[in-house]
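Structure, as structure tokens:
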Amino acid sequence: MNVGLDFARIVEDNQSLVFSLAVRFLRDRDVAAELAQDVFLGLYRQLDRIDSPAHATWWLRRSICHRCIDEARKRKLRPRIGIDSVQEPRAERREPDLMLNERLRKLVEKLPEAARMVVLLRYQEDLDPSEIAEMLNMSISTVKSRLHRSLAFLRGRLEKQEVCR
Amino acid sequence: MSFEDKNFEDQLRRSLRREAAPPDFAATVLARAAASRNVISFWRRPLTLALAAGLSIAALLPPTVAEYRRRQEEQAAEARAQVLTALSITKTQLLRVSAKVQKNTRRTL
């Protein structure tokens, strides 16, 4: 075991990253927390192969992405309806900017799995398309295409909601 | 990328800011890690290793002994056959010598 790395510190520094990706992807806080814990335990067992805190963060991010995708497939969380027929979130009377944030989050939740993970890695984790491609074993053009289509979908839905209000 | 696109992406970044993990998250992970460490150390205890080695030897020993005995029996059977062959040849030679001695004795008399 790598004695130079403080596991407690790694957990403290990365818990938000791992949990946020899991909960936004899986849309279930309990399952997300369980899965995030499993990922940290996986890291703990392989701590002797981890060189640095940055390496640990990279490992955790990659691991949670793949675990989430596997979990979603296992639980058949994949949306059974097309992207155009998704139900729009109900508008709530709240402070405008907070409401917009929540509406956007709910729209992101409605994206298909692969597109949702690409969007989360791009806008939550601020990764470049090349980093996302490497992490998800996709080509860069696929990542860019999914980002482009997801943004178009999100903007379109948001504008439609604005018109209806 | 247009200004509107940039604004929209910035808005998306704000919406998707990381959220905090549950308050007991880190403590639970550390407790589970400590529990798993205890499980691992059980398999690394000297007594466990000695027991595993003993069981391995006990599993391997009977076939080795049986094989040794089988080879010994084969060698004994082969030696017995060689002795019988030698005795058979000796008997034949003795009979021939005996016949010659009797023949020569008769001529002398």
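Sequence lines, in order, name chains A and W.
Residue numbers for the first sequence follow my numbering, beginning at 77 and rising by one.
Residue numbers for the second sequence follow my numbering, beginning at 13 and rising by one.
Here a beta-carbon is modelled for each residue, glycine too, at the ideal position from N, C-alpha and C.
- Residue contact with chain A for R57 of chain W: absent (no Cβ-Cβ distance below 8 Å to any residue of chain A).
- Between M211 of chain A and R137 of chain A, the C-beta gap is smaller than 8 Å, which places the two residues in contact.
- From the listed residues A:I216, A:L176, A:L187, the smallest Cα separation to F20 of chain W is found for A:L176.
- For N116 of chain W, the uninterrupted alpha helix (DSSP H) segment begins and ends at 58-120.
- The DSSP-derived three-state label of M214 of chain A is coil.
- Between V219 of chain A and A228 of chain A a beta carbon distance of about 15 Å is seen, past the 8 Å cut, so the two are scored as non-contacting.
- Against chain W, the beta carbon of L111 of chain A has no neighbour under 8 Å; the closest one sits roughly 12 Å away.
- Contact annotation: L230 of chain A and L180 of chain A have beta-carbon atoms nearer than 8 Å.
- For P34 of chain W, the C-beta contacts it makes with chain A under 7 Å involve A109, in order along the chain.
- When the alpha-carbon of R100 of chain A is set against those of A:I145, A:L203, A:Q237, A:L223, the nearest one is in A:I145.
- For the pair L24 of chain W and D127 of chain A, the Cα-to-Cα distance works out to about 33 Å.
- For L136 of chain A, the enclosing alpha helix (DSSP H) has its first and last residue at 129-151.
- Against S48 of chain W, the close residues of chain A are L117, Y120, R121, in the order they occur along the chain (beta-carbon pairs closer than 9 Å).
- In the three-state DSSP reduction, D106 of chain A falls in the helix class (H, G or I).
- L119 of chain A and Q87 of chain W have their alpha carbons spaced roughly 59 Å apart.
- Proximity of A132 of chain A to chain W, defined by a Cβ-Cβ separation below 8 Å, is not satisfied.
- In this model, S110 of chain W and R83 of chain W are separated by some 41 Å (Cα to Cα).
- Neighbours of R143 of chain A in chain W, taken as residues at a C-beta separation under 7 Å, are lacking, since the least C-beta distance is about 15 Å.
- A residue is called buried once 16 or more other Cβ atoms fall within 10 Å of its Cβ, and Q113 of chain A is buried on that count.
- Counting C-beta pairs with one atom in each stretch, the segment 32-51 of chain W and the segment 187-201 of chain A have fewer than three that are closer than 8 Å, which means they do not touch.
- From the beta-carbon of A84 of chain A, the residues of chain W found nearer than 8 Å are A38, L42.
- Distances from the CA of A84 of chain A to each of A:Q237, A:A132, A:E110, A:R233 were compared; the closest alpha carbon is that of A:A132.
- Judged by their CB atoms, L102 of chain A and A148 of chain A are nearer to each other than the 8 Å cut-off.
- For the segment 181-210 of chain A, the residues whose beta carbon sits under 8 Å from a beta carbon of chain W are, in order, R181, V184, V195, L196, Y199, Q200, D202.
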